[in-house]
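Engineer:
There are 2 protein chains.
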Amino acid sequence: LIQLAQRMTRVQASAIREILKVTERPEVLSFAGGLPAPEAFPAEALARAHADVLASEPGPALQYGPTEGHAPLRAWVAERMTRRGLPAAPEQVLITAGSQQGIDLVGKALIDPGDTVLVEAPSYLAALQCFSTYEARLETVETDDDGMRIEALERALRACRPRLIYLVPTFQNPRGTTLPLERRLAIARIAAEHGVAVLEDDPYGELRYRGGALPPIAGLIPEAPVIHLGSFSKTLAPGLRLGYAVADERTIRALTIAKQATDLHTGSLAQRAVARLLETFDFDAHLRRLRTLYGERLDAMLASIERSFPPGTAWTRPEGGLFVWVRLPGGIDAEELLADAMQQRVAFVPGAPFYPDRPCVESLRLNFSNRPPPLIAEGMARLGACAAARLRERRLGDGVASGVAG
Amino acid sequence: LIQLAQRMTRVQASAIREILKVTERPEVLSFAGGLPAPEAFPAEALARAHADVLASEPGPALQYGPTEGHAPLRAWVAERMTRRGLPAAPEQVLITAGSQQGIDLVGKALIDPGDTVLVEAPSYLAALQCFSTYEARLETVETDDDGMRIEALERALRACRPRLIYLVPTFQNPRGTTLPLERRLAIARIAAEHGVAVLEDDPYGELRYRGGALPPIAGLIPEAPVIHLGSFSKTLAPGLRLGYAVADERTIRALTIAKQATDLHTGSLAQRAVARLLETFDFDAHLRRLRTLYGERLDAMLASIERSFPPGTAWTRPEGGLFVWVRLPGGIDAEELLADAMQQRVAFVPGAPFYPDRPCVESLRLNFSNRPPPLIAEGMARLGACAAARLRERRLGDGVASGVAG
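Line order of the protein sequences matches chains H and V. Going by my numbering, the first sequence opens with residue 67, and the numbers climb by one from there. Going by my numbering, the second sequence opens with residue 67, and the numbers climb by one from there.
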């Protein structure tokens, strides 16, 4: 069963990799990837930071470094997370090669074959894939438009003793939903009471376009065993491969040992360049610009879906992040829709692979961060037309079928 | 038993981490780390390459990239490995975050809990640690001054069916020994005949200071399942975290899936900067300079050991790489010697942690690449004096003991 699950997520991952490869062709208007807008990368500031570091400290910038990460960068993360509601000392921070590596290290340090991991359904595919490589048993917890349902989580906890609860509480991938404060508190309380580790994956937390900020689950109850993962991929640039894990010192030591056997340490040059950048760069002003840019794109996408998709379509209304989640009407299969859409040179990711089991085949994920509003409108017009055509065809088919039957 | 082994290698790894932390203090003359000489990093060329890439292709250099790696860098590796005796197409290359990640991905893709991995004794510690995190059973194969002994390997293969044979055939870590051609051929033949995967870890292969180059094991018999790992850490700079795996396409696909769940991909900027650098930089001239520099340091270390250590000391005479392996006379424990040496502000790594079992406590590893010849001479003089003092003490102790007994 575990091997089957493993194979399944591998197949899912390969399927998505293939979709992404095809859809990233320049002639395709793609909403498939989770790509930030390249025009918003602070390329000049990063170029200056790299040049400065390579001129002033070439030795340490190019040499092996500590597994835990570059001390000033750990200190910066600790300080910022403290301000965001997760009080942390630099010793509670491990610098990772993107937050994906944080997921992998937690899997490596915590999961033994056969252990149960509770996940949202749908959930971030590469996390499911990662837990499967450690031969975890994935059990889903029901979600609604506010994220993981607490009663469902409590039911799952009565049914099994999980090793880990994994969730993306803020602007979830793939749905874009956000867990409200009372559910965050409930999860922190459950983690503390049951002694169950929670992995709070938060790559999008800083990308809020409306509504008020919510505190990380990891900061709510100090004794709750919550590991918080963050990333510079969505705020600076993913090509740097820089993320971080924040947890109690003992957990950070365990993750550090796991990381040492994994890749020794995260790139010294990338860490030092970003630490140097953060000394002078107005990170908050940069985030404000990003929020304006992406907020407009989110609005454009929500309006375009409303305008272009056939009646009966349902979709999430995220307050931040990168994704909107759509549910097609009339039982349209999103994989079939993708085939039609590719003929119109527009792409997305079908929702089914994001489910560890019992997929909702009518669902699909749309990314809005990577295209300007006019292209979003154009893409949604084409996609909506494809969906409307499929819907007409299905109804006609039903009609014919009833005709034949009658 | 496996958990014990795991815990053991973790303890060993922590011990070495602590030693390295203490010994890298500026006041300590350290021969402990495996650090390249920072003065030989091509910092200016790398600075130009980073600046060029960030000016001419900031989008792709800072964006997510393919898990397999940047195509021109894969092509460069394939071309170079073909010239070095391992014919490979770009599709047979996966770019990794240093060759340490190559070891980890092979562990993740190939090793199931309880699988046996055959290793040299002593062997590269972080590889042992890595296999242990996948709950492998480590079995040692006897080595001599030419590396892994073929009769011992054949005996081990009769006793168990290993999942993997791991070795560093060229300028081994920690011993500096090199496997001769006939043993390489024998191992390739054994891999092909038994269908047992071989992991050929080759971070030092380009750093040869005397003698003729030997072909990679992976290039000798096309159908032998040999995975070759290489690195830019010792030839350009470790802080970039760039390495590569070369294998048949099917294996590369499996490693790529494992990598996707691990860190999505290796840093785009680092890959593109190095690919750009290699377009114009005279890599072979750079290697010649490195070989001259390190060859002098190796000679200095061999001469200093000869001059400064007490009679009865034995040591390897490597033809390349970064390390010399020393065996102390008279039963001196290298960990006790380290305590004395630290008082004289000189450091090394005791040999015991490099053994998965039955350690040789009189052994120690010396790195020669990180210090110029006068400091090597000074360090070996201090270390030799410590060893001589320990030896006198032990003999005096023996004398007193016999006196009491008599």
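We put the beta carbon where it would ideally sit given N, CA and C, even for glycine. Just so we're clear, the structure is a prediction, and the values are computed from it rather than from any experiment.
Measuring only the C-alpha atoms, how far is Arg149 of chain H from Gln238 of chain H?
Structural biologist: Position 83 of the first sequence, counted from the first residue, corresponds to residue 149 of chain H. Position 172 of the first sequence, counted from the first residue, corresponds to residue 238 of chain H. For Arg149 of chain H and Gln238 of chain H, the distance between alpha carbons rounds to 22 Å.
Engineer: Please tell me whether Cys196 of chain H has its Cβ less than 8 Å away from any Cβ of chain V.
Structural biologist: The residue you call residue 196 of chain H lines up with position 130 of the first sequence. With 8 Å as the cut-off, Cys196 of chain H counts as an interface residue toward chain V.
Engineer: If the cut is a Cβ gap below 9 Å, which residues of chain H does Leu230 of chain V touch?
Structural biologist: Translated into positions along the second sequence, residue 230 of chain V becomes position 164. Within chain H, no residue comes near Leu230 of chain V; the closest Cβ sits about 15 Å away, beyond 9 Å.
Engineer: Please report the straight-line C-alpha distance between Arg215 of chain H and Ala117 of chain H, rounded to a whole angstrom.
Structural biologist: As a position in the first sequence, residue 215 of chain H is number 149, starting the count at 1. As a position in the first sequence, residue 117 of chain H is number 51, starting the count at 1. Going from the Cα of Arg215 of chain H to the Cα of Ala117 of chain H covers about 49 Å.
Engineer: By Cβ distance below 7 Å, which residues in the same chain neighbour Glu524 of chain V in space, the five residues on each side in sequence not counted?
Structural biologist: With chain V running from 67 to 472 in the structure shown, residue 524 of chain V is simply not present.
Engineer: Based on the DSSP output, what are the partners of Ala413 of chain V in its beta bridges?
Structural biologist: Stepping through the second sequence from its first residue, residue 413 of chain V is reached at position 347. According to DSSP, which records beta bridges pairwise, Ala413 of chain V is partnered with V:Ser96.
Engineer: Quick one: does Gly131 of chain V have its CB under 8 Å from some CB of chain H?
Structural biologist: Residue numbering aside, residue 131 of chain V sits at position 65 when the second sequence is read from its first letter. True, the Cβ-Cβ gap to chain H drops below 8 Å.
Engineer: Using only alpha-carbon positions, find the residue among V:Phe298, V:Pro132 and V:Ile253 that is nearest to Leu353 of chain V.
Structural biologist: Stepping through the second sequence from its first residue, residue 353 of chain V is reached at position 287. The residue with the shortest Cα to Cα distance from Leu353 of chain V is V:Phe298.
Engineer: Check Val119 of chain V in the structure and name its three-state DSSP category.
Structural biologist: For this step, residue 119 of chain V is matched to residue 53 along the second sequence. Three-state result, Val119 of chain V: helix.
Engineer: Which ranges does the alpha helix (DSSP H) cover as unbroken runs of at least 4 residues, wholly within the stretch 169-249 of chain H, from first to last along the chain?
Structural biologist: Listed in chain order, the complete alpha helix (DSSP H) runs (minimum 4 residues) inside the stretch 169-249 of chain H are 191-199 and 216-225.
Engineer: Measuring only between beta-carbons, confirm whether His473 of chain V sits less than 8 Å from chain H.
Structural biologist: Nothing about residue 473 of chain V can be read from this structure; chain V reaches only from 67 to 472.
Engineer: Nearest-angstrom Cα distance between Ala455 of chain V and Ala443 of chain V?
Structural biologist: Along the second sequence, read from residue 1 onward, the residue named residue 455 of chain V stands at position 389. Along the second sequence, read from residue 1 onward, the residue named residue 443 of chain V stands at position 377. Cα to Cα, the separation comes out at about 18 Å.
Engineer: Answer yes if the stretch 383-392 of chain V comes into contact with the stretch 229-247 of chain V, meaning at least three C-beta pairs across the two stretches below 8 Å, and no otherwise.
Structural biologist: yes
Engineer: Can you say whether Arg203 of chain V is buried or exposed, counting buried as having 16 or more other CB atoms within 10 angstroms of its CB?
Structural biologist: By one-based count along the second sequence, residue 203 of chain V stands at place 137. Its Cβ being crowded by 16 or more others within 10 Å, Arg203 of chain V is buried.
Engineer: If you measure from the beta carbon of Ser297 of chain V to each beta carbon in chain H, is any gap under 8 Å?
Structural biologist: For the purposes of this step, residue 297 of chain V is taken as the residue at position 231 of the second sequence. It does not: the Cβ of Ser297 of chain V has no partner Cβ on chain H nearer than 8 Å.
Engineer: Is Thr206 of chain V closer than 8 Å to Pro422 of chain V when the C-beta atoms are compared?
Structural biologist: Walking along the second sequence from the start, residue 422 of chain V turns up at place 356. Walking along the second sequence from the start, residue 206 of chain V turns up at place 140. Yes, they are a contact pair.
Engineer: Going along chain H, which residues have a C-beta under 7 Å from Gln410 of chain V?
Structural biologist: Taking the second sequence and counting its residues from 1, the one referred to as residue 410 of chain V is at position 344. None at all; the shortest Cβ gap to chain H is about 25 Å.
Engineer: Is there at least one Cβ from chain H nearer than 8 Å to Leu306 of chain V's Cβ?
Structural biologist: Sequence index remark: in the second sequence, residue 306 of chain V carries index 240 (1-based). For Leu306 of chain V, the answer is yes, since a Cβ of chain H falls inside 8 Å of its Cβ.
Engineer: Counting contacts by CB-CB distance shorter than 8 Å, is Thr317 of chain V in contact with chain H?
Structural biologist: Residue mapping note: residue 317 of chain V aligns to position 251 of the second sequence, counting from 1. Answer no: the Cβ-Cβ gap between Thr317 of chain V and chain H never drops below 8 Å.
Engineer: Cys452 of chain H: buried (16+ other C-beta within 10 angstroms of its C-beta) or exposed?
Structural biologist: Along the first sequence, read from residue 1 onward, the residue named residue 452 of chain H stands at position 386. By the neighbour-count rule (16 or more Cβ atoms within 10 Å), Cys452 of chain H is buried.
Engineer: Among H:Glu402, H:Met446, H:Gly396 and H:Glu428, which residue has its Cα nearest to the Cα of Leu462 of chain H?
Structural biologist: Translated into the one-based positions of the first sequence, residue 462 of chain H becomes position 396. When each option's Cα is compared against that of Leu462 of chain H, the closest is H:Gly396.
Engineer: Using a Cβ-Cβ distance under 8 Å, would Pro438 of chain H count as near chain V?
Structural biologist: Here residue 438 of chain H refers to the residue found at position 372 when the first sequence is read from its first residue. Judged by the 8 Å Cβ criterion, Pro438 of chain H is not in contact with chain V.
Engineer: Per the contact definition of three or more C-beta pairs closer than 8 Å, is the stretch 293-311 of chain V in contact with the stretch 156-165 of chain V?
Structural biologist: yes
Engineer: Consult DSSP for Glu266 of chain V and reduce its assignment to one of helix, strand or coil.
Structural biologist: As a working note, residue 266 of chain V is residue 200 in the second sequence. Of the three classes helix, strand and coil, the one that applies to Glu266 of chain V here is strand, per DSSP.
Engineer: Are Gln337 of chain V and Leu171 of chain V touching if we call contact CB-CB under 8 Å?
Structural biologist: Mapped onto the second sequence, residue 337 of chain V falls at position 271. Mapped onto the second sequence, residue 171 of chain V falls at position 105. Not a contact, by the Cβ cut-off of 8 Å.
Engineer: If you check the beta carbons only, do Gly242 of chain V and Pro384 of chain V fall under 8 Å apart?
Structural biologist: Position 176 of the second sequence, counted from the start, is the residue given in the question as residue 242 of chain V. Position 318 of the second sequence, counted from the start, is the residue given in the question as residue 384 of chain V. Contact: yes.
Engineer: Express the C-alpha separation of Glu105 of chain V and Pro228 of chain H in angstroms, rounding to a whole number.
Structural biologist: Locating residue 228 of chain H in the first sequence gives position 162, counting from the first residue. Locating residue 105 of chain V in the second sequence gives position 39, counting from the first residue. For Pro228 of chain H and Glu105 of chain V, the distance between alpha carbons rounds to 51 Å.
Engineer: Let's test the definition: count the other Cβ atoms within 10 Å of the Cβ of Leu247 of chain V and tell me whether it reaches 16, buried, or not, exposed.
Structural biologist: Your numbering for residue 247 of chain V matches position 181 in the second sequence. Classification of Leu247 of chain V: exposed, given that the 10 Å Cβ count is below 16.
Engineer: Since Ser96 of chain V contacts Ala407 of chain V with CB under 8 Å, what's their CB separation in whole angstroms?
Structural biologist: Residue mapping note: residue 96 of chain V aligns to position 30 of the second sequence, counting from 1. Residue mapping note: residue 407 of chain V aligns to position 341 of the second sequence, counting from 1. Not confirmed; about 10 Å, so no contact.
Engineer: Can you pull the chain V neighbours of Pro179 of chain H, defined as C-beta to C-beta under 7 Å?
Structural biologist: Taking the first residue of the first sequence as position 1, residue 179 of chain H is located at position 113. Chain V residues near Pro179 of chain H: Pro179.
Engineer: Taking the runs of the beta strand (DSSP E) that are 3 residues or longer, which of them lie wholly in the stretch 354-420 of chain H?
Structural biologist: 389-393
Engineer: By how many angstroms is the C-alpha of Leu330 of chain V removed from the C-alpha of Leu233 of chain V?
Structural biologist: Locating residue 233 of chain V in the second sequence gives position 167, counting from the first residue. Locating residue 330 of chain V in the second sequence gives position 264, counting from the first residue. Approximately 27 Å between the Cα atoms of the pair.
Engineer: When the cut-off is 8 Å and only beta carbons count, does Gly387 of chain V lie next to chain H?
Structural biologist: Here residue 387 of chain V refers to the residue found at position 321 of the second sequence. Chain H, which has no Cβ nearer than 8 Å to the Cβ of Gly387 of chain V, makes this no.
Engineer: Would you please state the rounded distance, in angstroms, between the beta carbons of Pro282 of chain V and Glu266 of chain V? I believe it to be under 8 Å.
Structural biologist: On the second sequence, residue 282 of chain V is found 216 positions in, with the first residue counted as 1. On the second sequence, residue 266 of chain V is found 200 positions in, with the first residue counted as 1. At roughly 6 Å, the Cβ-Cβ gap stays under 8 Å, so Pro282 of chain V and Glu266 of chain V are in contact.
Engineer: Tell me, to the nearest whole angstrom, how far the beta carbon of Ser429 of chain H is from that of Gly417 of chain H; I am working on the premise that it is less than 8 Å.
Structural biologist: Within the first sequence, residue 429 of chain H is the residue found at index 363, counting from 1. Within the first sequence, residue 417 of chain H is the residue found at index 351, counting from 1. Contact check for Ser429 of chain H and Gly417 of chain H: beta-carbon distance about 3 Å, within the 8 Å limit, so the pair qualifies.
Engineer: Ends of the alpha helix (DSSP H) at Ser334 of chain V?
Structural biologist: For the purposes of this step, residue 334 of chain V is taken as the residue at position 268 of the second sequence. Ser334 to Thr346 is the extent of the alpha helix (DSSP H) around Ser334 of chain V.
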